[in-house]
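See structure below.
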Amino acid sequence: MESITYGHVAPDFVDQVEMMSHANLSRCFHCLACSAGCPFCEDMDYLPNVIIRMVQFGMKEAVLKSSTIWLCVGCNTCSMECPNSVDMAAVMDSLRQIAVGEGIQIAETGIYSFHNAVVDSISRYGRTHKLEIMMRYKICEKEFFTDIDLGLKMLSKRKLDLLPSRVKDKKAIKSLFEMAEGK
Amino acid sequence: MRSMKKELSYFPGCSLATTAKENNASLKLFLNYFDIRLTDIQDWNCCGSSSTHSVNSKLALSLAARNLFLAPQDKPLLIACPGCFLRLGQARQELNGSQEKQKEYEKHFAKTYNPNLKLLHFFELLVQMNNNGLFKNLTGRLNGLKIAPYYGCMLARPPSMNKEKNHYGLIEKTMDSLGGESVQWPFLSSCCGTFLSVSRPEIAEKLVNRIMQGAIQSGAECIVTACAMCHLNLEIRCRPENRLPIFHFSEILSLALEGKASKGWFKRHLIDPEPILQQRQLIPCQTS
Ligand code: SF4
Ligand code: SF4
Chain A
248 MESITYGHVA PDFVDQVEMM SHANLSRCFH CLACSAGCPF CEDMDYLPNV
298 IIRMVQFGMK EAVLKSSTIW LCVGCNTCSM ECPNSVDMAA VMDSLRQIAV
348 GEGIQIAETG IYSFHNAVVD SISRYGRTHK LEIMMRYKIC EKEFFTDIDL
398 GLKMLSKRKL DLLPSRVKDK KAIKSLFEMA EGK
Chain B
669 MRSMKKELSY FPGCSLATTA KENNASLKLF LNYFDIRLTD IQDWNCCGSS
719 STHSVNSKLA LSLAARNLFL APQDKPLLIA CPGCFLRLGQ ARQELNGSQE
769 KQKEYEKHFA KTYNPNLKLL HFFELLVQMN NNGLFKNLTG RLNGLKIAPY
819 YGCMLARPPS MNKEKNHYGL IEKTMDSLGG ESVQWPFLSS CCGTFLSVSR
869 PEIAEKLVNR IMQGAIQSGA ECIVTACAMC HLNLEIRCRP ENRLPIFHFS
919 EILSLALEGK ASKGWFKRHL IDPEPILQQR QLIPCQTS
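In the order they appear, the protein sequences are chains A and B. Mind the numbering: the first sequence is residues 248 to 430 in the numbering used here, read in order. Mind the numbering: the second sequence is residues 669 to 956 in the numbering used here, read in order.
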């Protein structure tokens with residue numbers, strides 16, 4: 248856990264995040280209920296509520312380079328605890344998207360490659376193909392030898408299908424991706 | 669009363685269609701037994717999963733929206749996977765809140781948007797079934813099997829949905845009414861680590877083993893979950909000393925229908941549940 252130093256202020260950062268996430272960050276009174284309930288807080292560099300404070304302080308670079316925004320899995324556990332209905336998962340989504348959009352150095356490249364492998368799989372089949380996602384992820388992260396036993400066990404139990412389950416209307420899926428790219 | 673004739677449309681989602689086929693099969697068998705018939709949405713696509721909204725909100729909305737437009741408009745849409753339920757529910761909320769977005773997607777899909785399409789959570793359907801007295805003849809069937817009910821984060825929702833029903837306690841209530849025994853334990857709504865199981869396995873392992881140890885200490889003989897993702901993570905990230913069989917909720921429900929549950933489902937588990945099934949004389953029959 249790092250303490251935060253006030254610096255490199257981007258005063259409009261909070262507006263950008265609020266606009267994208269539709270979350271009202273000034274509702275947060277730092278009661279810490281979210282951070283206490285977050286199952287991943289031990290491994291985060293800043294607690295979720297600290298991220299909110301840093302956004303309010305305009306500490307854009309530190310927030311976007313943090314591991315917290317990638318370790319957040321969007322489980323909404325915090326939202327169930329928050330007395331003031333701050334949509335933390337939406338805030339984290341926005342922060343990840345800003346980080347990617349602005350070409351910031353990403354703290355958790357493995358998690359980012361995983362998300363890309365999933366989205367890639369959806370673009371090809373319209374559905375997720377777990378075996379291929381795992382293989383692509385492992386290749387991308389050069390983790391060739393981890394989880395091999397597990398992979399084989401899952402194959403033998405037919406938990407991993409060799410062939411993907413896929414959408415027939417490929418064009419429809421393609422058009423959704425084009426729509427998202429603004430084409 | 670043994671039946672509740674109903675025709676529902678159904679969104680299986682990627683996990684139930686692939687890694688968790690046994691979840692899908694047991695769910696269909698269980699509902700079929702009570703004359704509840706499911707028809708998959710034609711050519712459905714992935715709900716977007718946890719990854720799409722992490723990196724691309726517009727794409728996440730579009731993927732979910734296609735399913736909402738494809739679903740037959742005159743029947744409730746049953747969604748068994750809690751992750752998919754949330755993704756489709758959030759997309760629906762976003763569309764319902766914006767005429768502009770509705771129009772955009774109506775144009776894209778060349779169809780009229782139905783803001784009133786009923787999205788039916790599997791838990792809500794179970795409540796209806798129970799209220800209709802369908803489980804009355806099944807009392808005692810689970811032979812005292814000791815169960816740790818596990819919700820993970822499946823019932824957690826964003827603040828915009830926090831006025832909806834919670835359904836905590838439903839697994840316990842249902843299991844107990846079928847003759848199981850639910851234990852009280854501290855980890856029932858503790859997240860399993862979801863996709864970090866792939867990209868940061870040491871984090872998922874820590875969470876999973878904490879959950880598994882908690883279940884063992886509570887005296888449970890097995891864990892019951894209604895989320896296929898939780899099922900997989902608990903099985904693959906559990907250390908050998910913390911092993912305890914994990915069941916899909918629908919498998920256990922089907923076990924209460926004597927002679928209906930299929931051996932094949934349990935063969936797909938990575939932690940072998942057969943010893944405990946034998947011990948409690950819950951013998952799956954069919955082989956397919
Ligand atoms: S629980 Fe809500 S109000 Fe409390 S610190 Fe977290 S975001 Fe702020
Ligand atoms: S949504 Fe993110 S910040 Fe909130 S509890 Fe889950 S992982 Fe933690």
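For glycine and all other residues, C-beta sits at the position ideal for the given N, C-alpha and C.
With the cut-off set at 8 Å, would you say residue i and residue j are in Cβ contact?
i: B/Phe753; j: A/Val320; result: no
i: A/Tyr293; j: A/Thr315; result: yes
i: A/Phe361; j: A/Lys307; result: no
i: B/Cys890; j: B/Pro854; result: no
i: B/Asn735; j: B/Phe679; result: yes
i: B/Ser719; j: A/Val365; result: yes
i: B/Leu706; j: B/Leu676; result: yes
i: B/Leu746; j: B/Leu788; result: yes
i: B/Ala894; j: B/Ile839; result: yes
i: B/Ala693; j: B/Trp933; result: yes
i: B/Ser858; j: A/Pro286; result: yes
i: B/Pro827; j: B/Ser850; result: no
i: B/Leu823; j: B/Asn830; result: no
i: B/Leu727; j: A/Ala427; result: yes
i: B/Ile920; j: B/Met843; result: yes
i: B/Pro869; j: B/Arg905; result: yes
Ordered along the chain, which non-local residues of its own chain (more than five positions away) have a Cβ less than 7 Å from that of residue i?
i: B/Leu695; result: Ala748, Ser918
i: B/Ser766; result: none
i: A/Ala280; result: Glu328, Cys329, Pro330
i: B/Gly927; result: Cys953
i: B/Ala924; result: Leu806, Arg809, Leu810, Leu846
i: B/Trp712; result: Phe679, Asn735, Leu738
i: A/Arg413; result: Tyr372, Gly373, Arg374
i: A/Lys312; result: Ile351, Gln352, Ala354
Going straight from the alpha carbon of residue i to that of residue j, what length do you get?
i: B/Thr744; j: B/Met797; result: The identity of residue 744 of chain B in the sequence shown is Pro, whereas the question assumes Thr. C-alpha separation (whole angstroms): 15 Å.
i: B/Gly848; j: A/Phe276; result: 44 Å
i: A/Tyr384; j: A/Ile369; result: 14 Å
i: B/Gln710; j: A/Lys417; result: 14 Å
i: B/Lys874; j: B/Tyr773; result: 42 Å
i: B/Lys841; j: A/Pro411; result: 37 Å
i: A/Val297; j: B/Arg825; result: 21 Å
i: B/Lys804; j: B/Ile815; result: 20 Å
i: A/Arg374; j: A/Ser422; result: 15 Å
i: B/Leu832; j: B/Glu792; result: It should be pointed out that residue 832 of chain B corresponds to Glu in this sequence rather than to Leu. Rounded to whole angstroms, B/Glu832 to B/Glu792 spans 11 Å at the Cα level.
i: B/Ile884; j: B/Leu912; result: 7 Å
i: B/Ser722; j: B/Gln946; result: 44 Å
i: A/Met301; j: A/Met339; result: 13 Å
i: B/Gly820; j: A/Ser326; result: 14 Å
i: A/Ile380; j: B/Ser867; result: 11 Å
i: B/Val892; j: A/Cys322; result: 19 Å
i: A/Gly398; j: B/Cys898; result: 17 Å
i: B/Leu699; j: B/Lys674; result: 10 Å
i: A/Ala346; j: B/Asn724; result: 12 Å
i: A/Arg405; j: A/Val256; result: 52 Å
Can you list, in chain order, the residues of its chain whose CB lies under 8 Å from that of residue i, leaving out five sequence neighbours each side?
i: A/Asn271; result: Glu265, Val333
i: A/Trp317; result: Arg343, Ile353, Ala354, Glu355, Ile358, Tyr359
i: B/Ile871; result: Gly861, Leu864
i: B/Thr687; result: Ala896, Leu900
i: B/Arg936; result: Lys689, Glu690
i: A/Cys288; result: Ser282, Leu294, Pro295
i: B/Ser886; result: Ala816, Val851, Gln852, Trp853
Who pairs with residue i in a beta bridge, going by DSSP?
i: B/Lys674; result: B/Ile704
i: B/Cys890; result: B/Ile815
i: B/Glu849; result: B/Lys814
i: A/Leu311; result: A/Leu311 is not bridged to any residue.
i: B/Phe679; result: B/Ile747
Go through its chain and collect everything with a Cβ distance to residue i's Cβ below 6 Å, but skip five positions before and after it.
i: A/Ile395; result: none
i: B/Phe737; result: Phe777, Lys779
i: B/Asn910; result: Asn877, Met880, Gln881
i: B/Arg948; result: Asn811, Leu813
i: B/Gly716; result: Ala728, Leu731, Ala732, Arg755
i: B/Pro783; result: Asn764
i: B/Arg907; result: Asn877
i: A/Phe424; result: Ser370
Is there at least one non-hydrogen atom of ligand 3 closer than 7 Å to the beta-carbon of residue i?
i: A/Asn323; result: With respect to ligand 3, the structure shown offers nothing to examine, as its ligands consist of ligand 1 and ligand 2.
For this session: At 4 residues or longer, and completely inside the segment 682 to 711 of chain B: list those alpha helix (DSSP H) runs for me, N to C.
Result: With a minimum length of 4 residues, the continuous alpha helix (DSSP H) runs that stay inside the segment 682 to 711 of chain B are 689 to 701.
Exercise. Which ranges would you report for the alpha helix (DSSP H) in the segment 315 to 368 of chain A if only whole runs of at least 4 residues count?
Worked result: For the segment 315 to 368 of chain A, the continuous alpha helix (DSSP H) assignments of 4+ residues that do not extend past its boundaries occur at 315 to 318, 324 to 328, 335 to 348, in sequence order.
Exercise. Which ranges would you report for the beta strand (DSSP E) in the segment 871 to 954 of chain B if only whole runs of at least 3 residues count?
Worked result: The segment 871 to 954 of chain B contains these whole beta strand (DSSP E) runs: 890 to 893, 914 to 916.
Exercise. In the segment 761 to 815 of chain B, which residue ranges form an unbroken alpha helix (DSSP H) of at least 4 residues, counting only runs that do not cross its ends?
Worked result: For the segment 761 to 815 of chain B, whole alpha helix (DSSP H) runs of length 4 or above, ordered along the chain, are 767 to 777, 790 to 799.
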